[in-house]
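Taken in order, these protein sequences are the chains called A and B.
Numbering follows our numbering, with no gaps: position 93 of the first sequence is 93.
Numbering follows our numbering, with no gaps: position 34 of the second sequence is 246.
Quick reminder that beta carbons are idealized off the backbone N, C-alpha and C, glycines included.
Protein chains: 2
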Amino acid sequence: MVKQERAARTRQALVQAAAEVFAQDGFVLASLNSISRRAGVSNGALHFHFESKQALARAVEDEAAAVVRAIAAPAAGGAPNPLQRLIDATHALMGRLDRDVVVRAGFELAGGLPRRDGAVDLRGQWQGWVEEVLRDAEREGELAEGVSAADVSVTVVAATVGFELLGADDRTWTSPDTIVQFWDLLLPRLAAADGFGRLVSAGTPAAAPGRT
Amino acid sequence: MVKQERAARTRQALVQAAAEVFAQDGFVLASLNSISRRAGVSNGALHFHFESKQALARAVEDEAAAVVRAIAAPAAGGAPNPLQRLIDATHALMGRLDRDVVVRAGFELAGGLPRRDGAVDLRGQWQGWVEEVLRDAEREGELAEGVSAADVSVTVVAATVGFELLGADDRTWTSPDTIVQFWDLLLPRLAAADGFGRLVSAGTPAAAPGRT
Numbered sequence: 001m002v003k004q005e006r007a008a009r010t011r012q013a014l015v016q017a018a019a020e021v022f023a024q025d026g027f028v029l030a031s032l033n034s035i036s037r038r039a040g041v042s043n044g045a046l047h048f049h050f051e052s053k054q055a056l057a058r059a060v061e062d063e064a065a066a067v068v069r070a071i072a073a074p075a076a077g078g079a080p081n082p083l084q085r086l087i088d089a090t091h092a093l094m095g096r097l098d099r100d101v102v103v104r105a106g107f108e109l110a111g112g113l114p115r116r117d118g119a120v121d122l123r124g125q126w127q128g129w130v131e132e133v134l135r136d137a138e139r140e141g142e143l144a145e146g147v148s149a150a151d152v153s154v155t156v157v158a159a160t161v162g163f164e165l166l167g168a169d170d171r172t173w174t175s176p177d178t179i180v181q182f183w184d185l186l187l188p189r190l191a192a193a194d195g196f197g198r199l200v201s202a203g204t205p206a207a208a209p210g211r212t
Numbered sequence: 213m214v215k216q217e218r219a220a221r222t223r224q225a226l227v228q229a230a231a232e233v234f235a236q237d238g239f240v241l242a243s244l245n246s247i248s249r250r251a252g253v254s255n256g257a258l259h260f261h262f263e264s265k266q267a268l269a270r271a272v273e274d275e276a277a278a279v280v281r282a283i284a285a286p287a288a289g290g291a292p293n294p295l296q297r298l299i300d301a302t303h304a305l306m307g308r309l310d311r312d313v314v315v316r317a318g319f320e321l322a323g324g325l326p327r328r329d330g331a332v333d334l335r336g337q338w339q340g341w342v343e344e345v346l347r348d349a350e351r352e353g354e355l356a357e358g359v360s361a362a363d364v365s366v367t368v369v370a371a372t373v374g375f376e377l378l379g380a381d382d383r384t385w386t387s388p389d390t391i392v393q394f395w396d397l398l399l400p401r402l403a404a405a406d407g408f409g410r411l412v413s414a415g416t417p418a419a420a421p422g423r424t
């Protein structure tokens, strides 16, 4: 049991170190040596857990994908209405991109050149969820007259992908202030008048975990 | 004179070929051999014009930057009001990203990992211009009450960077329909009521060159 725990901890240290090296050097230039050195383990230990750099990248992406799924899952005690869930999720995602290098590297790996075979499409996963929650919002009458889920999806997906990308060099882009500024601009246009007053552009407490 | 023309044509073929190889393989894996082969010139000819892969990347970025500057310049006969100029410029930029691999590669090089020394910051250049034209719009009373140039800049810059990035894999994102959908969502919120009716979300004829 102790041995298993140690193995799990070594594996986790390697995923973290790989994310840091990928985020700094990019996938192509990242060396297995610098990853094992940063994780404080031997090359042998690295190869025991991961057969290749490709396998390490995949582990980083899988972990980032799990974070995106958790952010998108309707939380017990979270906001019940779809639009607020979307607002909360954008805050949570930007918070994770800001402080969790595995999530950051996961997104960058997905968009990197050259395209890797079998790469996890994190931006596509996010886009799919945004579209789904906005269709829910539309069905529940949360969108303003004449505004469709598809119209809103295009802008929310593109802007959040932009925040993610620009945030790699300047964290202002993933800051709560920026996300509030974005929602304060959009909400008066896209939310139906009778629900608009209840929406909180800064996110509800359910979104807070992403920011701690 | 004929000799100079030939040299200029060879140089241009090399910039074009470099952009194609960078867009496909990324900067790090791009080889000078595949660039000269694609341009149909010898390695010697490549080295006569460019001392390194870095110099080729710089030439691609410089050419893309010139395109962005031309798009941002107030055209003779173009839209006179700042908001329409911004709309027209987004259409022109997306059109160029869609069909001009040098502009596409220029943007991707600027955001690639690892960061290259002396890389031209194309997204920063675009951002600076968007902020400037929106300050003009604010000064001329084109923005709605309670909406600031800074608020609008955040959303327009992030969304256009998102369109650019997502458009690398799926050209729907840089299509005129998508850009119209974006502006149709935003304009009713951000434009002052008395100027709103004059704005054309599909762009005015001045924007057309970007789409031909």
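Judged by pairs of C-beta atoms under 8 Å, the stretch 138-157 of chain A touches the stretch 184-198 of chain A, as three or more such pairs exist. For L56(A), no Cβ of chain B is located within less than 8 Å of the residue's own Cβ. Contact note: A191(A) does not reach chain B at a C-beta cutoff of 8 Å; the least C-beta distance is about 11 Å.
Excluding residues up to 5 positions away in sequence, A229, E232 and V233 lie with their Cβ nearer than 8 Å to the Cβ of R250(B) in the same chain. Spatial neighbours of V60(A) in its own chain (CB-CB distance under 8 Å, excluding positions within 5 residues in sequence) are listed in chain order as V15, A18, A19, F22, V102, A105, G106 and L109. Residue range P176 to L190 is occupied by the alpha helix (DSSP H) that includes W183(A).
Using a C-beta cut-off of 8 Å, the stretch 157-166 of chain A makes contact with the stretch 372-386 of chain B, since at least three inter-stretch Cβ pairs fall below that distance.
Using a CB distance cut-off of 8 Å, A370(B) counts as an interface residue toward chain A. Secondary structure note for R37(A): its alpha helix (DSSP H) is the uninterrupted segment L32 to A39. Among the bridge pairs identified by DSSP, L355(B) is matched with A403(B). From the listed residues L46(A), V28(A) and S34(A), the smallest Cα separation to R9(A) is found for L46(A).
Less than 8 Å divides the Cβ of Q125(A) from the Cβ of A65(A).
The beta carbon of A72(A) lies closer than 7 Å to those of A89 and W129 in the same chain, with the five residues before and after it left out. For L134(A), no CB of chain B lies under 8 Å from its own CB, so it is not counted at the interface with that chain.
Around the C-beta of G112(A), 16 or more other C-beta atoms lie within 10 Å, and the residue is accordingly described as buried. If you look at G197(A), you'll find it isn't in any alpha helix (DSSP H); DSSP assigns it neither H nor E. Boundaries of the alpha helix (DSSP H) around R6(A): V2 to L29.
With a threshold of 8 Å between beta carbons, Q224(B) makes no contact with chain A.
Close to V240(B), with beta-carbon spacing below 7 Å, are these residues of chain A in chain order: G26, V28 and L29. For D151(A), the number of other beta carbons within 10 angstroms of its own is at least 16, and it is reported as buried. The Cβ of Q228(B) sits no closer than 8 Å to any Cβ of chain A. Counting C-beta atoms within 10 angstroms of its own C-beta, K215(B) has fewer than 16 neighbours from the protein chains shown and is therefore classed as exposed.
By the rule that beta-carbons nearer than 8 Å mark a contact, T386(B) does not touch chain A. According to the DSSP assignment, F375(B) belongs to the alpha helix (DSSP H) that extends over A361 to G379.
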